[in-house]
Amino acid sequence: MYGLVSVEVALELARENEAEGVKRFSLVTSGRGIYGDDFKGVLEIYETLNREVGMDLCASHGILDIEAMSR
8 MYGLVSVEVA
18 LELARENEAE
28 GVKRFSLVTS
38 GRGIYGDDFK
48 GVLEIYETLN
58 REVGMDLCAS
68 HGILDIEAMS
78 R
């Protein structure tokens, strides 16, 4: 089991990929879904990436519903 990557690590990886001509960047988490602080962390990563890189952003975080996202 691994923790969520930091905003800095995600941004560095996205910039490296963008420099190589990659057009999409995706974050993937394992498990049935993502909740609480991890969900908030993912949102922070996507907000930063949206501001800082020009790639399309993709996601795979399992099952998300309103109840799960508010935990």
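Per our numbering, the very first residue in the sequence shown carries number 8; after that it's consecutive. Glycine residues also receive a C-beta, built at the ideal position from the N, C-alpha and C atoms. Source: prediction; values computed, not measured.
Discussion item. When you compare the CB positions of D45 and L20, do they come within less than 8 angstroms of one another, or not?
Written reply: Here residue 45 refers to the residue found at position 38 when the sequence shown is read from its first residue. Here residue 20 refers to the residue found at position 13 when the sequence shown is read from its first residue. No, Cβ-Cβ distance for D45 and L20 is not below 8 angstroms.
Worksheet entry | Burial state of A26, where buried means 16 or more other Cβ atoms lie within 10 Å | Numbered from its first residue, the sequence shown carries residue 26 at position 19. With fewer than 16 other CB atoms across the displayed protein chains lying within 10 angstroms of its CB, A26 is exposed.
Worksheet entry | Candidates K30, E15, S37, of which the one nearest H68 by Cα | Position 61 of the sequence shown, counted from the first residue, corresponds to residue 68. Per the Cα distances, S37.
Worksheet item: Candidates L71, G61, D72, C65: which alpha carbon is nearest V35's?
Response: As a first step, residue 35 is located in the sequence shown; it is residue number 28 there, counting from the start. Ranking L71, G61, D72, C65 by CA distance to the CA of V35 puts C65 first.
Worksheet item: Where does R12 sit, in a helix, a strand or coil, going by DSSP?
Response: Against the sequence shown, residue 12 aligns to sequence position 5. First, the residue type needs correcting, since residue 12 is Val and not Arg in the sequence shown. V12 falls in the coil class under three-state DSSP.
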